[in-house]
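Asks: From first to last, the protein sequence lines are chains A and B.
Going by the numbering used here, the first residue of the first sequence is number 38, and it counts up by one from there.
Going by the numbering used here, the first residue of the second sequence is number 13, and it counts up by one from there.
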Amino acid sequence: MIMATAQLDKMRLELRRGVLVLAVLASLKQPHYGYSLRKQLQDGGIDIDEGTLYPLIRRLAEQELLDSEWRQAEGRERRYYQLSELGTTLLSQLTDEWQHLNTALASLLATTSQETQ
Amino acid sequence: MELVKRYIAAVQRELPKEKQQEIGRELNANIMDQIDALTEQQGQLSDAQLSALLIDMGHPSQVARQFVPLQPLINTDLMPMYKNTLFMVLGILFLLQTVKTTAAWLSSVDMGLISYLHGLASGFIEPLSRWLLFLCLLAAPMKAVIVIKTGDQSNYPRPNLVGSILP
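Structure (structure tokens):
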């Protein structure tokens with residue numbers, strides 16, 4: 038049973054990894070700094086810990102999918118991220134991909150659940 | 013706040029020089045935001061609460077690894093070639109050493125089986141370690157060559173497929 042839980046955790050992590058990229062890109066149509074992005078994702082039902090999120094945004098920015106700038110607000114500097122032009126193009130392609138996958142999977146999963154019944 | 017400073021410094025120590033400043037600055041901003049949010053909920057944070065928050069973020073070296081993952085000594089693409097070469101070299105070294113030690117054994121009168129085996133092993137290990145080092149050093153520039161050949165300047169190629177943006 039413990040084995041099964043560990044395996045489930047690992048597979049969930051793998052499954053989530055790609056989706057998180059999509060979630061982050063989609064949320065960054067509006068500018069966000071690290072903490073506000075995390076809050077927004079959390080409010081949207083996607084729980085992501087800071088150890089995953091912050092390196093991920095940095096990586097996406099290094100890949101030029103995000104633009105970033107330091108801004109002063111409330112007496113504190115914060116690095117704001119927003120979707121770049123490249124990021125916008127990619128997001129729309131990824132969205133198509135996601136929708137395609139989602140439809141395909143939905144019918145696959147539906148037939149499997151019918152068979153098991 | 014002294015604690016936060018020390019935490020960030022500990023993370024920075026584990027990062028490559030050129031990224032220390034940037035990541036440290038950003039990490040500081042993120043931690044400050046988190047502290048603000050907690051303060052709003054629970055009032056002024058005690059030292060214990062602050063250290064609990066930092067412990068929750070993870071060990072500094074773990075945090076550093078999340079930002080800059082460790083690069084393997086040998087590129088994964090080169091792994092099969094590395095293994096082949098390694099086993100070939102190992103075989104040749106062993107053969108040479110067997111010949112050498114056997115010759116010494118045959119020509120000496122008082123060399124027993126134990127000292128034969130000892131000679132075989134000790135004569136083998138020294139060139140082996142030299143070769144391992146050599147192959148590692150050889151593999152490092154090879155990696156650079158591959159990177160240049162594919163025109164990929166960073167470790168994270170500009171993605172055009174879903175798979176390639178994954179960390």
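By construction, the Cβ of each residue, glycine as well, lies at the ideal position given by its N, Cα and C atoms.
These numbers were taken from a predicted model, which means no experiment stands behind them.
Drop a sphere of 10 angstroms on the beta-carbon of residue 60 of chain A, count the other beta-carbons inside from all chains shown, and report buried for 16 or more, exposed for fewer.
Replies: Buried, by the Cβ-count rule.
Asks: Give me the DSSP bridge partner(s) of residue 69 of chain A.
Replies: Residue 69 of chain A is bridged to A/118.
Asks: Which residues, in order along the region 111-130 of chain A, keep a beta-carbon less than 9 Å from a beta-carbon of chain B?
Replies: So the list reads 111, 113, 114, 115, 116, 123, 127, 130, given in the order they occur along the chain.
Asks: Distance check for residue 34 of chain B and residue 121 of chain A, CA to CA, integer angstroms please.
Replies: Rounded to the nearest angstrom, the two C-alpha atoms are 20 Å apart.
Asks: Between the region 40-63 of chain B and chain A, which residues of the former have a C-beta closer than 8 Å to a C-beta of the latter?
Replies: Cβ contacts with chain A: 41, 42, 44, 45, 46, 49.
Asks: Using a C-beta to C-beta distance shorter than 7 Å, which residues of chain A count as neighbours of residue 10 of chain B?
Replies: The question about residue 10 of chain B has no answer here: the residues shown for chain B are numbered 13 through 179.
Asks: Determine contact between the region 137-148 of chain A and the region 42-52 of chain B, defined as no fewer than three beta-carbon pairs at a distance below 8 Å.
Replies: Touching, no, given that fewer than three Cβ pairs across the two stretches are closer than 8 Å.
Asks: So, does the CB of residue 99 of chain B fall closer than 8 Å to a CB anywhere in chain A?
Replies: Not one chain A Cβ lies under 8 Å of residue 99 of chain B.
Asks: Relative to the alpha-carbon of residue 129 of chain B, which residue among B/145, B/142, B/140, B/110 has its alpha-carbon at the smallest distance?
Replies: Residue B/110 is the option with its Cα nearest to residue 129 of chain B.
Asks: Taking only beta-carbon positions, decide if residue 32 of chain B is within less than 8 Å of chain A.
Replies: Answer no: the Cβ-Cβ gap between residue 32 of chain B and chain A never drops below 8 Å.
Asks: Against chain A, does residue 36 of chain B count as a neighbour if the rule is that its beta carbon must be under 8 Å from one of theirs?
Replies: Not closer than 8 Å to any Cβ of chain A, the Cβ of residue 36 of chain B fails to qualify, so no.
Asks: Closer than 6 Å by C-beta to residue 100 of chain A: which residues in its own chain qualify, once you throw out the five before and the five after it? Chain order, please.
Replies: If we look at residue 100 of chain A and ignore the five residues flanking it on each side, it has no Cβ neighbours.
Asks: Can you find the residues in the same chain that come closer than 8 Å, C-beta to C-beta, to residue 62 of chain B, ignoring five residues on each side of it along the sequence?
Replies: Hits under 8 Å: 15, 16, 47.
Asks: Quick one: is residue 115 of chain A buried, meaning 16 or more other Cβ sit within 10 Å of its Cβ, or exposed?
Replies: Looking at its Cβ environment, which holds 16 or more other Cβ atoms inside 10 Å, residue 115 of chain A is buried.
Asks: Residue 43 of chain A to residue 80 of chain A, Cα distance in whole Å?
Replies: Their backbone Cα atoms lie some 27 Å apart in a straight line.
Asks: I think residue 102 of chain A touches residue 62 of chain A, with their Cβ atoms under 8 Å apart; what is that distance to the nearest whole Å?
Replies: Contact holds; Cβ gap of about 7 Å.
Asks: Span of the alpha helix (DSSP H) holding residue 65 of chain B?
Replies: Here the alpha helix (DSSP H) through residue 65 of chain B covers 59-69.
Asks: On the three-state DSSP scale, how would you describe residue 164 of chain B?
Replies: Residue placement at residue 164 of chain B is flagged as unreliable, the pLDDT there being 45, under the threshold of 50; the coordinate-derived value follows with that caveat. Coil at residue 164 of chain B, not helix or strand.
Asks: Counting beta carbon pairs with one atom in the region 132-141 of chain B and one in the region 104-120 of chain B, are three or more of them shorter than 8 Å?
Replies: Verdict: yes, contact present.
Asks: Look up residue 82 of chain B in the DSSP assignment and say whether it is helix, strand or coil.
Replies: Three-state DSSP puts residue 82 of chain B in coil, outside helix and strand.
Asks: Against chain B, which members of the region 80-91 of chain A pass a CB distance test of less than 7 Å?
Replies: Going along the region 80-91 of chain A in chain order, one finds 87, 88, 91 with a Cβ nearer than 7 Å to chain B.
Asks: Using only the alpha-carbon positions, how far apart do residue 56 of chain A and residue 40 of chain A sit?
Replies: Roughly 25 Å between the two C-alpha positions.
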